[in-house]
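Written out below as structure tokens is the structure these notes cover.
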Ligand SMILES: Cc1ncc(COP(=O)(O)O)c(C=O)c1O
Ligand SMILES: Cc1ncc(COP(=O)(O)O)c(C=O)c1O
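Protein chains in written order, with the UniProt record's numbering: chain A, 1 to 382; chain B, 1 to 382.
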């Protein structure tokens with residue numbers, strides 16, 4: 001054994017030896033990029049768009065820590081704490097609650113890939129971009145997708161959903177709680193119960209709402225709930241999380257075919273996140289540092305036990321181009337706000353007040369900045 | 001517009017108002033977890049396993065920076081620098097070179113999901129766990145998977161691959177360059193050319209090798225190459241990267257059906273990573289902070305232009321249980337090394353020397369620690 005290591009030690013002597021040897025047959029065609037020889041530069045911005053929101057100091061500090069092994073017991077401890085934090089945030093006792101190593105879209109995809117089988121009927125509330133995306137993914141997976149479409153700004157009533165359930169007999173209904181492209185908060189009371197009467201599971205996107213508006217997964221009968229790190233939790237983008245009720249879990253565990261993804265296969269993730277009572281096995285390498293930060297975001301929430309409204313959507317005043325207003329705020333004030341998205345493009349401005357950014361001072365600041373923008377931006381005569 | 005914001009401001013007054021109001025019909029069933037009320041605790045570890053490796057100070061500092069908007073021009077600048085860094089690392093001029101917002105497995109899945117269509121013939125070199133995983137994903141996608149199986153420790157010759165190509169007429173061949181579960185470095189010269197004679201694309205996993213051993217994507221005729229952040233680049237786990245040759249790109253762009261994933265759909269990612277010359281559009285929120293760190297890992301490489309061997313695999317000495325040795329090193333020295341993985345489980349110890357961890361001092365330290373472990377760990381009489 002020491003021989004092999006001694007060899008490794010020896011090759012460390014002339015460090016570039018292997019490299020130089022190979023140069024005989026291959027050449028360095030691509031030179032080290034000049035731009036990478038300059039230091040990394042990141043400007044300071046107050047992010048009052050629909051997310052990501054700024055990181056509080058404690059979460060930034062976690063981002064600057066050293067890596068530990070993803071399978072060390074200290075890492076499992078952090079993962080367990082994160083799970084408990086999500087259960088608190090979601091107000092659920094579901095054992096099958098875990099983190100996805102990807103953004104909010106990745107959590108949505110994880111839900112659909114595991115729950116839907118080809119040919120399954122899938123009812124989708126489309127009142128903005130997030131429903132469009134859920135429908136798109138459903139189609140890729142070979143589900144029979146039934147969109148219920150509303151203009152941006154609309155929401156779905158119990159009666160409308162009941163008609164869809166009766167007509168299409170879906171196995172799954174998708175609703176967006178906080179429709180951040182149009183600024184609508186979808187009521188959720190009663191929808192879980194209604195779905196269950198029709199033997200349908202209820203999947204809810206709470207990326208832009210949970211932690212900022214009341215949401216009670218278990219009491220509201222939500223079967224699958226997901227959200228992500230970069231909004232009200234004030235953690236860096238890159239992780240998202242998902243929880244499944246027992247009926248949702250049963251649907252997954254009784255699939256006939258494996259889901260189309262290994263990376264997002266819930267059976268493996270459930271094991272890695274300690275949800276199945278079995279010894280944890282390597283599945284993929286989780287984003288260790290992002291998990292530290294997510295843990296801190298959840299800890300801040302546990303300490304505060306406070307919840308705030310998140311994205312305020314305001315109509316672009318007649319005669320103005322939204323782009324002028326957005327540019328004015330970023331150039332003059334270093335404040336990010338956003339225009340619309342998908343069906344709300346061109347129609348609204350979206351102002352996010354999330355976690356540590358949700359202060360009176362920031363509201364006053366953005367109001368002042370907007371007032372100035374309206375004075376200085378070009379206005380078409382109407 | 002000001003009215004809506006004034007309303008937002010007003011609700012900030014009694015911050016918990018909405019929350020309290022809803023308490024009438026719903027209750028807080030899950031209390032804030034106690035574990036989250038303690039500070040985050042992360043031990044110091046020298047990670048000499050097969051990865052992740054430790055972060056150098058500069059990369060840690062990047063992890064502690066503030067978030068900026070993923071669609072700010074400064075972020076696009078960082079993304080462009082990362083792309084150039086990968087092109088240098090991979091020694092490729094492929095315009096279709098980009099980052100995946102997920103781990104190494106996610107990059108493998110992105111490659112297979114975009115390239116393979118149901119029914120495609122897929123030839124897989126299985127000489128350890130990574131080939132097993134590629135075969136598993138190929139099957140989930142409905143490809144006709146043809147594994148060429150070797151015992152761990154084996155590699156594939158040009159002749160063996162040619163037989164597989166002739167027999168199965170695959171559209172894609174998978175090989176692992178650095179087989180980190182068995183410690184084998186797969187030779188790559190000539191394999192690209194051979195595949196192209198059989199109209200097959202060559203996909204190579206370089207997660208545990210690139211940056212540590214010579215690899216020349218363009219000159220070696222590799223069509224699809226991927227790696228990830230947490231090994232030789234010394235960046236936090238959570239991002240990975242992929243590059244496609246023109247023929248690989250053509251196969252993707254002439255697909256009949258959309259790939260089964262939206263999150264990993266290369267057409268959208270190509271746009272978001274500025275590879276298609278079109279204005280960049282929102283697709284998903286990338287892991288901003290992880291990208292800062294990845295940029296620093298690539299910058300350190302560009303500055304050093306040095307490459308090192310990565311994972312040294314040594315047989316477990318007869319009579320010993322590998323677990324005793326691994327535990328001894330972590331308990332007494334705070335050093336992580338790893339046992340085998342998949343087919344090499346129980347047979348080998350894996351010692352990683354990556355990036356800033358690849359020093360003479362660490363080699364001497366791990367040799368000394370192993371020497372002591374062999375003196376103190378129980379040994380069965382043979
Ligand atoms: C309501 C909602 N759902 C889903 C997403 C998608 O999340 P991500 O961008 O992290 O993929 C967003 C992001 O803005 C969102 O606001
Ligand atoms: C050769 C090789 N391929 C793929 C992977 C998978 O990468 P990840 O764990 O980031 O998903 C690893 C991780 O150790 C590896 O060593």
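Think of the CB as a built atom: it goes at the ideal place given N, C-alpha and C, for glycine as much as any other residue.
### Query
Does any heavy atom of ligand 3 sit closer than 8 Å to the C-beta of residue 108 of chain A?
What this structure holds is ligand 1 and ligand 2, not ligand 3.
### Query
In three-state terms, what does DSSP make of residue 355 of chain A?
DSSP places residue 355 of chain A in helix when its eight states are reduced to three.
### Task
Indicate whether at least one CB of chain B lies closer than 9 Å to the CB of residue 81 of chain A.
In terms of beta-carbon proximity, residue 81 of chain A lines the interface with chain B, with at least one pair separated by less than 9 Å.
### Task
Compare the C-beta of residue 88 of chain A with all C-beta atoms of chain B and state if any pair is closer than 9 Å.
Closer than 9 Å to some Cβ of chain B, the Cβ of residue 88 of chain A qualifies, so yes.
### Message
Give the residues whose C-beta lies closer than 6 Å to at least one heavy atom of ligand 2, in chain order.
### Response
For ligand 2, the selected residues are A:284, A:285, B:50, B:51, B:103, B:104, B:105, B:130, B:176, B:178, B:180, B:205, B:207, B:208, B:228 and B:237.
### Query
Is residue 69 of chain B closer than 9 Å to residue 45 of chain A when the C-beta atoms are compared?
For the pair residue 45 of chain A and residue 69 of chain B, the CB atoms are nearer than the 9 Å cut-off.
### Task
Taking 9 Å as the cut-off, decide whether the C-beta atoms of residue 242 of chain B and residue 110 of chain B are in contact.
Yes. Within cutoff.
### Query
Cβ of residue 169 of chain A versus every heavy atom of ligand 1: is any distance shorter than 8 Å?
Not one heavy atom of ligand 1 is found less than 8 Å from the C-beta of residue 169 of chain A.
### Query
Alpha carbon to alpha carbon, what distance is there between residue 236 of chain B and residue 318 of chain A?
The straight-line gap from Cα to Cα measures roughly 47 Å.
### Message
Under 7 Å, CB to CB, which of the residues in the region 231-244 of chain A have a partner in chain B?
### Response
Flagged, chain order: 236, 237 and 238.
### Task
Could you please give the first and the last residue of the uninterrupted alpha helix (DSSP H) stretch that includes residue 138 of chain B?
DSSP places residue 138 of chain B in the uninterrupted alpha helix (DSSP H) bounded by 129-140.
### Buried versus exposed, by CB contacts within 10 Å (16 or more), residue 87 of chain B
Under this definition residue 87 of chain B is a buried residue.
### Query
Going along chain A in order, which residues have a C-beta closer than 7 Å to the C-beta of residue 263 of chain B?
Around residue 263 of chain B, the beta-carbon contacts reaching into chain A at under 7 Å are 102, 105, 106 and 109.
### Task
Return the chain-ordered list of same chain residues with a C-beta closer than 6 Å to the C-beta of residue 403 of chain B, the five sequence neighbours on each side being excluded.
The question about residue 403 of chain B has no answer, for chain B in this structure spans 1 to 382.
### Task
Between the Cα of residue 257 of chain B and those of B:352, B:115 and B:32, spot the shortest distance and give me the residue it belongs to.
When C-alpha distances from residue 257 of chain B are compared across B:352, B:115 and B:32, the shortest belongs to B:115.
#### Entry: Start-to-end residues for the alpha helix (DSSP H) that takes in residue 57 of chain A
Where residue 57 of chain A is concerned, the enclosing alpha helix (DSSP H) stretches over 57-63.
### Task
Rank A:220, A:130, A:361 and A:188 by C-alpha distance to the C-alpha of residue 341 of chain A and give the top, closest one.
That would be A:130, whose Cα lies nearest to the Cα of residue 341 of chain A.
### Query
residue 323 of chain B lies in the alpha helix (DSSP H); which residues open and close that run?
322-328 is the extent of the alpha helix (DSSP H) around residue 323 of chain B.
### Query
Can you tell me the Cα-Cα spacing of residue 203 of chain B and residue 174 of chain B, whole angstroms?
About 5 Å.
### Query
Does the beta carbon of residue 219 of chain A sit closer than 9 Å to a beta carbon anywhere in chain B?
Output row for residue 219 of chain A: interface = yes.
### Query
With respect to the beta strand (DSSP E) encompassing residue 242 of chain B, which residues constitute its N-terminal and C-terminal limits?
Start and end: 240-244.
### Message
Using a Cβ-Cβ cutoff of 7 Å, what residues of the region 46-58 of chain A are near chain B? List them in chain order.
### Response
Taking 7 Å as the Cβ-Cβ cut-off against chain B, the residues of the region 46-58 of chain A that qualify are 47, 49, 52, 54 and 55.
### Message
I need the DSSP call for residue 315 of chain B, collapsed to helix, strand or coil.
### Response
Of the three classes helix, strand and coil, the one that applies to residue 315 of chain B here is strand, per DSSP.
### Query
Would residue 327 of chain B count as contacting chain A if we go by Cβ distances under 9 Å?
Chain A contact via Cβ: absent.
#### Entry: Given 8 Å, three or more beta-carbon pairs between the region 273-288 of chain A and the region 340-358 of chain A
No, the region 273-288 of chain A is not in contact with the region 340-358 of chain A.
### Task
Grab the span of the beta strand (DSSP E) containing residue 225 of chain A for me, first residue to last.
It spans 224-228 - the beta strand (DSSP E) in which residue 225 of chain A sits, taken as one unbroken run.
#### Entry: C-beta neighbour in chain B for residue 6 of chain A, strict 9 Å
In this predicted model, residue 6 of chain A has a pLDDT of only 47, less than 50, meaning its place in the structure is not dependable enough to derive any value.
#### Entry: Whole-Å CB distance - residue 43 of chain B paired with residue 121 of chain B, under 8 Å assumed
Actually they are not in contact, since the Cβ atoms of residue 43 of chain B and residue 121 of chain B sit about 48 Å apart, beyond 8 Å.
### Task
Please find out if some non-hydrogen atom of ligand 1 comes closer than 8 Å to the beta-carbon of residue 186 of chain A.
Taking non-hydrogen atoms of ligand 1 into account, the C-beta of residue 186 of chain A is found less than 8 Å away from none of them.
#### Entry: Beta-carbon separation (whole angstroms), residue 280 of chain B vs residue 76 of chain B, contact threshold 8 Å
Contact between residue 280 of chain B and residue 76 of chain B holds: CB atoms are separated by about 7 Å, below the 8 Å threshold.
### Task
Report yes if the C-beta of residue 150 of chain A is less than 8 Å from at least one heavy atom of ligand 1; otherwise report no.
Checking every heavy atom of ligand 1 against the Cβ of residue 150 of chain A, none is found closer than 8 Å.
### Message
Within 10 Å of its beta-carbon, does residue 381 of chain A have 16 or more other beta-carbons around it, so buried, or fewer, so exposed?
### Response
So residue 381 of chain A counts as exposed.
### Members of the region 161-179 of chain A that neighbour chain B once the beta carbon cut-off is set at 8 Å
So nothing in the stretch comes that close.
#### Entry: 6 Å CB neighbourhood of residue 268 of chain A in its chain, flanking five on each side removed
Around residue 268 of chain A: 283.
### Task
Use the C-beta contact count for residue 234 of chain B: other C-beta atoms within 10 angstroms, 16 or more gives buried, fewer gives exposed.
By the neighbour-count rule (16 or more Cβ atoms within 10 Å), residue 234 of chain B is buried.
### Task
Give, in chain order, every residue of the region 286-298 of chain A whose Cβ lies closer than 7 Å to some Cβ of chain B.
Residues 286, 287, 288, 289, 290, 292, 295, 296 and 298.
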